[in-house]
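Undergrad: Here it is, the structure, as structure tokens.
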Amino acid sequence: MLQAASICEMTSITPVAGAQYHWTSAFAPGSLKGFAAWLQGWVTWFGYISIEAGMANVTMIFLQSIVQLNHPDFVPGGWKTAVLVILMFAFLAALNIYGFPFVPYIEMVAGVLHIVLFLIIFILLLVSGTRNSGGFWLSTNSSSGWPDGFVSWNLGLVTSVWAFTGLDGAAHMSEDTRRASSAVPRAIFWSILVNGLLGFAMVNALILAMGSLEQVLAGGNPIITILLRTTTSKRATTVLMSMFSIINFSCNIANVASVSRLTHAWARDKGLPAYFSVIDPKRNVPVRAVCLAVFVPCLLCLLNLGNAPFVAFGALTSLSSISLYTSYAIAIASMLYSRFTGKIVRGEWNLGRYGACINVFALIFTLYVMVFLPFPSTLPVTAANMNYCGPLMLFVLVVVVVYWFASARKAWKRLDDSIAARVIEIDKH
1 MLQAASICEM
11 TSITPVAGAQ
21 YHWTSAFAPG
31 SLKGFAAWLQ
41 GWVTWFGYIS
51 IEAGMANVTM
61 IFLQSIVQLN
71 HPDFVPGGWK
81 TAVLVILMFA
91 FLAALNIYGF
101 PFVPYIEMVA
111 GVLHIVLFLI
121 IFILLLVSGT
131 RNSGGFWLST
141 NSSSGWPDGF
151 VSWNLGLVTS
161 VWAFTGLDGA
171 AHMSEDTRRA
181 SSAVPRAIFW
191 SILVNGLLGF
201 AMVNALILAM
211 GSLEQVLAGG
221 NPIITILLRT
231 TTSKRATTVL
241 MSMFSIINFS
251 CNIANVASVS
261 RLTHAWARDK
271 GLPAYFSVID
281 PKRNVPVRAV
291 CLAVFVPCLL
301 CLLNLGNAPF
311 VAFGALTSLS
321 SISLYTSYAI
331 AIASMLYSRF
341 TGKIVRGEWN
351 LGRYGACINV
361 FALIFTLYVM
371 VFLPFPSTLP
381 VTAANMNYCG
391 PLMLFVLVVV
401 VVYWFASARK
411 AWKRLDDSIA
421 ARVIEIDKH
């Protein structure tokens, strides 16, 4: 929540689609503004491309798990996941280009379905089937192979962290939102708070009804295993998981919309080629940015080839988390510098006198989580279960830094502040 609050305050100050790299440019020390914004722009963009791929991956894994539930001989993963992801992205691109006016209504329906499905599953878990004893909450179990329980616990935290990674997604839609300086921060803060509380309640309900941990882990898809145990019906489990897949699909629609706006903004600010900054005058949609925002995640999802269903998902989870957590750390650190030097200008949504304290603890948490994101989830490490996010992230950073010193520091000195100023002025009216 402290991390979300820090992001909300920066969004209120500068509600622009570029978000993190604009905030960094505004708040970082003068001598570092250019390089910090350049690094931030690429890290943020790559992080969102990764989270797109990760969300698409998990959506198709769940879809295949439903098929496997009803057809036990079906083997999910590998090339099947890759093909399904590519087909879904093709549809998402068409929807975001030709049917974008309908996207808000689709998201509204999905939001209602989200609440309804939560209540149905939560009540089912509480009233149906056998329950674990109270002592089950305090028991510990590690199947990761890590001998250190502290490391295992923190690696378990990584998946929970991913559920809230991309909390700044609405910030990248600021230029499509009325009164963004107040509306977007409220949307971010309350969505994280409410979903965090609901998620905590759901986790406890799942623990209550899950039965033996060994059986859950042996079942392939833990959620399906628990629901099947609770409902004792394949048909009921299929219906519930189908509803869940619809919600997952709507998340992918929003992801493409958000990342395409970030792509458009980064191209407009000359990070990406200007070709991708063009807005289609007929549809008022960044068509080229949408195409790029679905093409690159398709390439990342080729990690599924030759790997088990959850191996690629684990790599994409860590990759998107470490990229976006790096972007959050840079932005919050820049915000702290600006706050301590007295250069900050408060927006409509602000943290008041508690801002510095909240920023400090948000930065500490962000850096702490980043330590464990590159760790392999299981031991011993093999080519099939290795966490590739560390090498991939290092490769991206090396390319970005080398490109900066080789060319960009002369051709790309700093952001055009007039763009953010123009957006802020429009937001006021």
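Quick note on numbering: full-length UniProt numbering labels position 310 of the sequence shown as 310, and the sequence is numbered without any gaps. Glycine is no exception: its CB is placed at the ideal position from the N, C-alpha and C atoms. Just so it is clear, the structure is predicted and the values come from calculations on it, not from any experiment.
(1) Is the separation between the beta-carbon of residue 242 and that of residue 12 shorter than 7 angstroms?
(2) Since residue 376 is in the alpha helix (DSSP H), which residue starts that stretch and which ends it?
(3) Within its chain, find whatever has a CB closer than 6 angstroms to the CB of residue 336; leave out the 5 residues flanking it on each side and keep chain order.
(4) Compute the beta-carbon to beta-carbon distance between residue 351 and residue 5, rounded to the nearest angstrom, for a pair I have assumed lies under 8 angstroms.
(5) With a threshold of 7 angstroms on Cβ separation, who are the neighbours of residue 288 within its own chain once the five nearest residues in sequence on each side are excluded?
(6) Assess contact between the region 200-214 and the region 109-128, defined as three or more Cβ pairs (one per stretch) separated by less than 8 angstroms. Is contact present?
(7) Counting along the chain, where does the alpha helix (DSSP H) carrying residue 9 start and finish?
(8) Anyone know if the C-beta pair for residue 85 and residue 56 falls short of 7 angstroms?
(9) Label residue 269 either buried or exposed according to how many other C-beta atoms from any shown protein chain fall within 10 Å of its C-beta, with 16 as the threshold for buried.
(10) Tell me, please, which residues DSSP counts as bridged to residue 280.
(11) Can you list, in chain order, the residues of its chain with a C-beta nearer than 8 angstroms to that of residue 199? Leave out the 5 residues immediately preceding and following it.
(12) Determine the direct distance from the alpha carbon of residue 117 to that of residue 323, and round the result to whole angstroms.
(13) Looking at the secondary structure, which residues open and close the alpha helix (DSSP H) in which residue 270 lies?
(14) Cα separation between residue 249 and residue 91?
(15) Under the three-state reduction of DSSP, which class applies to residue 76: helix, strand or coil?
(16) What are the boundary residues of the alpha helix (DSSP H) that residue 59 is part of?
(17) Closest by CA to residue 169, which one among 192, 65, 319?
(18) Would you identify the three-state DSSP class for residue 248, choosing helix, strand or coil?
(19) Can the beta-carbon of residue 100 be found less than 7 angstroms from the beta-carbon of residue 256?
(20) Which term fits residue 295, buried or exposed, when burial requires 16 or more other beta carbons within 10 angstroms of its beta carbon?
TA: Well, looking at it:
(1) no
(2) Unbroken run through residue 376: none, as it is neither H nor E.
(3) 359
(4) 6 angstroms
(5) 275, 276, 278
(6) As far as the Cβ criterion goes, the region 200-214 touches the region 109-128, which means the pair count is three or higher.
(7) Taken as a continuous stretch (DSSP letters only), the alpha helix (DSSP H) holding residue 9 covers 2-13.
(8) yes
(9) buried
(10) Under DSSP, residue 280 takes part in a beta bridge, and its partners are 285.
(11) 163
(12) 31 angstroms
(13) Looking at the DSSP string, residue 270 is not in any alpha helix (DSSP H), and its letter there is neither H nor E.
(14) 11 angstroms
(15) coil
(16) 33-70
(17) 192
(18) In the displayed model, residue 248 falls within a helix according to three-state DSSP.
(19) no
(20) exposed
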